[in-house]
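Residue numbers (my numbering), protein chains in the order written: chain A, 693 to 897; chain B, 693 to 897. Just so you know, even glycine gets a beta-carbon here, dropped at the ideal spot from N, CA and C. If you're wondering where the values come from, they're calculated on a predicted model, not measured in any experiment.
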DNA sequence: ACTATTGTTTACTCACGAGTAGATTGCCTT
DNA sequence: AAGGCAATCTACTCGTGAGTAAACAATAGT
């Protein structure tokens with residue numbers, strides 16, 4: 693084993709460093725995409741923000757399309773993970789749905805989640821677009837399943853599953869558009885209040 | 693007065709024809725924007741779809757930015773009009789809010805409304821963007837006022853007005869993303885059901 | 001008939017940004 | 001020592017698409 697402070701890197705350290713750089717590129721890219729929009733962001737801009745040059749980005753990622761695809765894939769994976777976690781968790785259907793929705797809203801206020809919300813599938817090339825849409829469909833399906841489980845166990849009022857899914861998705865995606873990460877409002881709070889509001893409806897009981 | 697079938701046009705007819713052509717350009721443009729996205733649509737494409745050439749578009753509209761701005765302005769005007777109409781209508785606060793929301797959702801499934809939903813403000817240049825955002829803020833404000841009136845007259849449960857506004861806007865903008873105009877589902881039905889669902893919440897009563 | 005105005009075209013310019021070629025440096029292996 | 005691989009740069013190419021110049025046609029007004 694090498695001394696911890698050796699200036700020479702082990703293979704693991706090297707590949708880890710490589711992965712870290714790759715991720716740094718994605719982080720920088722996604723932040724600029726969210727701020728200015730995908731088409732208003734050149735890879736030269738992204739490179740400059742990291743103090744590197746464009747070819748370096750191409751060293752880590754194939755092309756601009758792939759950069760975007762990776763960003764949204766990360767966001768969607770977080771959502772998918774949230775769905776799976778809720779699936780495994782205890783509680784009745786309504787409780788598990790609410791847990792999922794809360795996490796869902798939070799992810800949509802994070803860098804990669806926001807990118808998912810703000811990216812229209814048209815921005816991607818045909819192959820990437822297909823992957824993107826397939827992933828989104830997976831999330832939709834997961835949400836619907838959670839809803840149906842809730843209806844089945846009686847903890848949710850019976851409704852049109854698809855429509856409820858769309859309504860919830862819309863309401864909880866929207867923060868990805870309006871929420872300002874530099875603002876005072878905390879994502880966790882927004883998520884919780886929003887979900888509570890949706891759960892209750894707005895007519896008086 | 694000239695004979696009705698004269699091949700010579702009166703000044704009114706000329707300016708009307710001009711306006712009609714302008715609108716035809718906007719219609720063609722907005723449809724392509726919605727389908728392929730703004731950046732994936734060149735003005736050459738739009739022109740071709742009308743069987744004309746690009747400079748003709750420039751004869752009616754200043755530049756691409758302005759084309760988009762006009763499109764979203766039309767959409768937003770429809771929303772604003774809906775708000776004003778609801779303001780003037782009879783009924784308690786909740787009823788007027790619901791009427792507005794229903795119309796709001798419908799507009800968002802129409803060509804120009806969809807364009808509003810699908811267009812990120814980053815796509816526009818600075819001046820146009822400011823106008824766009826100002827208009828959107830107006831809609832937001834109108835919605836919040838409707839909510840507050842409902843709370844004031846007791847027909848709505850008291851809540852965080854801003855948050856409810858965002859939740860409703862999100863849920864009712866979303867159809868502009870997923871609804872397929874060529875699909876079987878009718879916008880009017882979707883709008884009504886969606887609003888009813890939001891009004892009631894999804895927890896059992 | 002003559003001129004101005006409106007509508008429309010063809011045929012350009014020009015900038016920007018994605019993507020690449022090839023050189024360079026330095027570490028790592030044999 | 002030598003060759004190879006990883007990481008990075010400078011300096012390009014090249015397509016696309018916004019926007020324009022200039023000509024042409026048709027209609028309207030004088």
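Does any C-beta atom of chain A lie closer than 9 Å to the C-beta of residue 693 of chain B?
-> With a pLDDT of 33 at residue 693 of chain B, under the threshold of 50, the modelled position of that residue is not reliable, and the figure given next carries that caveat. So, not an interface residue.
Beta carbon proximity, residue 697 of chain B to chain A, threshold 9 Å | Residue confidence is low: residue 697 of chain B scores 47 on pLDDT, short of 50, so the model does not pin down where it sits. No coordinate-derived value is stated.
Shortest alpha-carbon distance to residue 837 of chain B belongs to which of B/708, B/768, B/789 and B/723?
-> B/789
Give the secondary structure of residue 765 of chain B by DSSP, where H, G and I count as helix, E and B as strand, and everything else as coil.
-> helix
Using the rule of at least 16 other Cβ atoms within 10 Å of the residue's Cβ for burial, across every protein chain shown, is residue 797 of chain A buried or exposed?
-> buried
DSSP-derived helix/strand/coil call for residue 804 of chain A | helix
Pairing CB atoms from the stretch 720–732 of chain A with CB atoms from the stretch 771–790 of chain A, are three or more of them under 8 Å?
-> no
Give, in chain order, every unbroken run of the alpha helix (DSSP H) that is at least 4 residues long and sits entirely within the stretch 810–874 of chain B.
-> 818–844, 853–865 and 867–870
Under 9 Å between C-beta atoms, does residue 775 of chain A make it to chain B?
-> no
Taking residue 816 of chain A as the reference, give the member of A/736, A/757, A/866 and A/785 with the closest Cα.
-> A/757
Please look up how many angstroms separate the CB atoms of residue 807 of chain A and residue 722 of chain A, rounded, as I've assumed it's under 8 Å.
-> 5 Å
With 9 Å as the C-beta to C-beta threshold (strictly closer), list the residues of the stretch 846–865 of chain A near chain B in chain order.
-> 846, 847, 848, 849, 850, 851, 852, 855, 856, 858, 859, 860, 861, 862, 863, 864 and 865
With burial defined as no fewer than 16 other Cβ atoms inside 10 Å of the residue's Cβ, what is the status of residue 833 of chain B: buried or exposed?
-> exposed
Decide if residue 784 of chain B is buried, meaning its Cβ has at least 16 other Cβ atoms within 10 Å, or exposed.
-> exposed
Taking residue 745 of chain A as part of the alpha helix (DSSP H), name the residues at either end of that continuous run.
-> Run containing residue 745 of chain A: none; DSSP gives neither H nor E here.
Given that a residue counts as buried once 16 or more other Cβ atoms are within 10 Å of its Cβ, and exposed if not, what is residue 861 of chain B?
-> buried
Output, in sequence order along the chain, the residues in the stretch 797–825 of chain B whose CB is closer than 8 Å to any CB in chain A.
-> 810, 812, 814 and 815
Are there 16 or more other CB atoms within 10 angstroms of the CB of residue 867 of chain B, so buried, or fewer, so exposed?
-> buried
Residue-level contact to chain B via CB, residue 875 of chain A, 9 Å cutoff | no
Might you give, ordered along the chain, the residues of its own chain that have their beta carbon closer than 6 Å to the beta carbon of residue 827 of chain B, omitting 5 neighbours on each side?
-> 768
Could you have a look at residue 877 of chain A and say whether DSSP puts it in helix, strand or coil?
-> coil
Opening and closing residue of the alpha helix (DSSP H) in which residue 788 of chain B lies | 785–799
Does any C-beta atom of chain B lie closer than 9 Å to the C-beta of residue 897 of chain A?
-> yes
Could you tell me whether the Cβ atoms of residue 839 of chain B and residue 864 of chain B are closer together than 9 Å?
-> no
Chain A within 9 Å of residue 772 of chain B, Cβ atoms only | no
6 Å CB neighbourhood of residue 835 of chain A in its chain, flanking five on each side removed = 857
Residue 694 of chain B by DSSP, collapsed to three states: which one?
-> Caution applies to residue 694 of chain B, whose pLDDT of 36 falls short of 50 and renders its modelled position unreliable; the value that the coordinates give is listed next. Coil at residue 694 of chain B, not helix or strand.
Near-chain B residues of the stretch 711–738 of chain A (beta-carbon distance less than 7 Å), N- to C-terminal order | 728, 729, 731 and 732
Using the beta-carbon count (16 or more within 10 Å), is residue 871 of chain B buried or exposed?
-> buried
Three-state class that DSSP yields for residue 731 of chain A in the structure shown | coil
Cα-Cα, which of A/824, A/818 and A/712 is closest to residue 810 of chain A?
-> A/824
Measure the C-alpha to C-alpha separation of residue 717 of chain B and residue 747 of chain B and round it to an integer number of angstroms.
-> 12 Å
Measuring alpha carbon to alpha carbon, tell me which of B/755, B/799, B/749 and B/707 ends up nearest residue 873 of chain B.
-> B/799
Beta-carbon neighbours of residue 883 of chain A, restricted to chain B and to distances below 7 Å | Those do not exist, as residue 883 of chain A stays about 11 Å from chain B at its closest Cβ, beyond 7 Å.
Rounded distance between the beta-carbons of residue 750 of chain B and residue 713 of chain B, thought under 8 Å = Actually they do not touch by this definition, with Cβ atoms about 13 Å apart.
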